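Participant:
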Amino acid sequence: MQNKFLITSISILGLLFGIVGLVMSFLPLGTIDLIPSICGLFIGGVIFLLTKKSRIRRKLVLSVIFISFLAILISLFTVLFMENKVAEDLKFEEKQEQSVEEASEDLEEALEDLEDLEDSEDSEDSEDVNPE
Amino acid sequence: MKKNLLIIIAVFITHNIMAQKVTNTAFKSGEKLKFVASYNMSSLWTDLAEITMEVSDIKTSSQSLYRLKCAATTYQAWDSYFKIRDLYESYVDKISVKPFVFKRSIDEGGYKKDIKYVYKWKSGIVNATIKKRNGSETNQEVKITDDTYDLVSVLYMIRNIDYNSKRIGDLMNIKVLIDANVEIVTVKYAGLETLNVANMGKKKCHKLSVSLKDDKILKGKDLNNIWLTADENKIPVLIKAEIPVGSIQVRISEIEL
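Protein sequence lines, in the order shown, are assigned to chains A and B. Numbering-wise (the numbering used here), the first sequence opens with residue 117 and increments by one. Numbering-wise (the numbering used here), the second sequence opens with residue 14 and increments by one.
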């Protein structure tokens, strides 16, 4: 009785891992979403082997294994076959072009200040050369 | 992810050039580099965004400058969950890589912020304008010295440093304007390593370890590294950074010189 309760509890934990893994497999998380699925499959596999010779019904354990396995397959498919693509974003491209135009006024201001600096340096140099 | 990726890249890339003048030989107009930014957790990874770095010419009434543009865009799959559209630009002198105007416009999952620096080298100040998403705008003057760079220009400036004369363990400092504050970043030369580089094969690279005086963004010492190809272009090919929640890796995927 106690064993049955323990096995059911661990199976539910495995099922939770499997479901989380399945949900994560649809997110663009790369190989990270394999973590819960592998945990679910491991728990499912261990419980399956432990209950092999007992009379305990194994529907729950088989569900854990199936869900976790499915999640792993989806994750591997997305990692191996889905290409990383950047969406075409015209608004962002326009912003980049507009930014150059906006910068021109600031550039003139900054360069004007630099010219003043160069002028003052030149006059200092000429004073050095012609001390009189 | 509030701290955006380019900050992490840029704080890696520092050097003390107080005593040396930069003469640009490493990059020119038309250069385009593409990177893949990934988040790592216990050696499992996920690709988040594409970062492009481009150099182009820009003409003003008196000078011809380089526009250094860095743009970060999340991959399509991520856009529905956390959309990033970051744009960083620096307008620099073609030879000295001295910045004149820096612009940063970030949009990270709805968090928006615009920063602009206009350099006044004669007065030794930067006019910083910060715009937040609520529309508030603040202006402030930041005192700078001759060796103060911004997040973008510093990335290109360090490509013009002669690392062959450096010894392992050599420390260098540089001042970088981050969020309108001058931050001092320490860089340690960590020697040569061979890396597999996209469409270049195996390449010898200079390894640099970067740390911030105030570890707000980066974690630990010698955990944050950047690798530059050990050739005349010194292309940044790999960046690894430890952040408070895991680590970030930025690796090169395309090179157009």
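From the three backbone atoms N, C-alpha and C, an ideal C-beta is built for every residue, glycine too. Predicted model, so just to flag it, every value in this text is computed and none were measured.
If contact means a Cβ-Cβ distance below 9 Å, which residues of the segment 148-161 of chain A contact chain B?
Facilitator: Of all residues in the segment 148-161 of chain A, Ile148, Asp149, Leu150 and Ile151 have a Cβ within less than 9 Å of some Cβ in chain B.
Participant: Can you tell me whether alanine 203 of chain B is helix, strand or coil according to DSSP?
Facilitator: Reduced to three states, the DSSP call for alanine 203 of chain B is strand.
Participant: Could you tell me which chain B residues have their CB closer than 8 Å to the CB of glycine 146 of chain A, listed as they occur along the chain?
Facilitator: Within 8 Å Cβ-Cβ: Ser51, Leu57, Trp58, Thr59 and Asp60.
Participant: Does the Cβ of glutamate 218 of chain A have 16 or more other Cβ atoms within 10 Å, making it buried, or fewer, making it exposed?
Facilitator: The residue is exposed, with fewer than 16 neighbouring Cβ atoms inside 10 Å.
Participant: From glycine 214 of chain B to threonine 142 of chain B, what distance separates their C-alpha atoms?
Facilitator: C-alpha separation (whole angstroms): 43 Å.
Participant: If distances are taken between C-alpha atoms only, which option among A:Leu178, A:Leu196, A:Ser153 and A:Thr194 comes closest to leucine 165 of chain A?
Facilitator: Closest by alpha carbon: A:Leu178.
Participant: In the structure shown, what three-state DSSP assignment does proline 152 of chain A receive?
Facilitator: If DSSP states are grouped into helix, strand and coil, proline 152 of chain A belongs with the helices.
Participant: Rounded to whole angstroms, what is the Cα-Cα separation between asparagine 212 of chain B and threonine 86 of chain B?
Facilitator: Distance between the alpha carbons of asparagine 212 of chain B and threonine 86 of chain B is about 22 Å.
Participant: Within the 8 Å Cβ cut-off, does threonine 207 of chain B reach chain A?
Facilitator: Closer than 8 Å: no.
Participant: Determine the chain B residues that contact glutamate 213 of chain A at a beta-carbon separation under 8 Å, and present them in chain order.
Facilitator: Under the 8 Å cutoff, chain B gives no residues; its nearest Cβ is about 11 Å from glutamate 213 of chain A.
Participant: Output the distance between the C-alpha atoms of asparagine 209 of chain B and valine 250 of chain B, rounded to the nearest integer angstrom.
Facilitator: If you take the alpha carbons of asparagine 209 of chain B and valine 250 of chain B, they lie about 9 Å apart.
Participant: In whole angstroms, give me the CA-to-CA distance for phenylalanine 113 of chain B and alanine 193 of chain B.
Facilitator: If I take the Cα positions, the gap works out to 15 Å.
Participant: Which of the three DSSP states, helix, strand or coil, is assigned to lysine 144 of chain B?
Facilitator: In the structure shown, lysine 144 of chain B sits in a strand (DSSP, three-state: E or B).
Participant: In whole angstroms, give me the CA-to-CA distance for asparagine 147 of chain B and glycine 123 of chain B.
Facilitator: Going from the Cα of asparagine 147 of chain B to the Cα of glycine 123 of chain B covers about 12 Å.
Participant: Name, please, each residue of chain B whose Cβ falls closer than 7 Å to the Cβ of lysine 201 of chain A.
Facilitator: Neighbours of lysine 201 of chain A on chain B, chain order: Tyr88 and Gln89.
Participant: Helix, strand or coil: which one does DSSP assign to lysine 176 of chain B?
Facilitator: The sequence as given places tyrosine at residue 176 of chain B; lysine does not occur at that position. In this structure, tyrosine 176 of chain B counts as helix in the three-state DSSP scheme.
Participant: How long is the line joining the alpha carbons of asparagine 237 of chain B and lysine 120 of chain A, rounded to whole angstroms?
Facilitator: The alpha-carbon atoms of asparagine 237 of chain B and lysine 120 of chain A are separated by roughly 50 Å.
Participant: Beta-carbon within less than 6 Å of serine 151 of chain B's beta-carbon, same chain only, minus the 5 sequence neighbours each way: which residues are those?
Facilitator: The sequence shown places threonine at residue 151 of chain B, rather than the serine named in the question. Once the five neighbours on either side are set aside, the close Cβ partners of threonine 151 of chain B are Ile143.
Participant: Return the chain-ordered list of same chain residues with a C-beta closer than 7 Å to the C-beta of isoleucine 159 of chain A, the five sequence neighbours on each side being excluded.
Facilitator: These residues qualify, in order along the chain: Ile126, Leu129, Gly130, Phe133 and Val180.
Participant: Could you check whether the Cβ of phenylalanine 113 of chain B sits closer than 7 Å to any heavy atom belonging to the ligand NAP?
Facilitator: Annotation note on the ligand NAP: not contained in the displayed structure, which lists no ligands.
Participant: How big is the Cα-Cα spacing for lysine 156 of chain B and glutamate 228 of chain A?
Facilitator: One C-alpha to the other measures close to 19 Å.
Participant: So what does methionine 239 of chain B bridge to, in DSSP terms?
Facilitator: At residue 239 of chain B the sequence reads isoleucine, which differs from the methionine that was named. Answer by DSSP bridge pairing, in chain order: B:Leu221 and B:Ile252.
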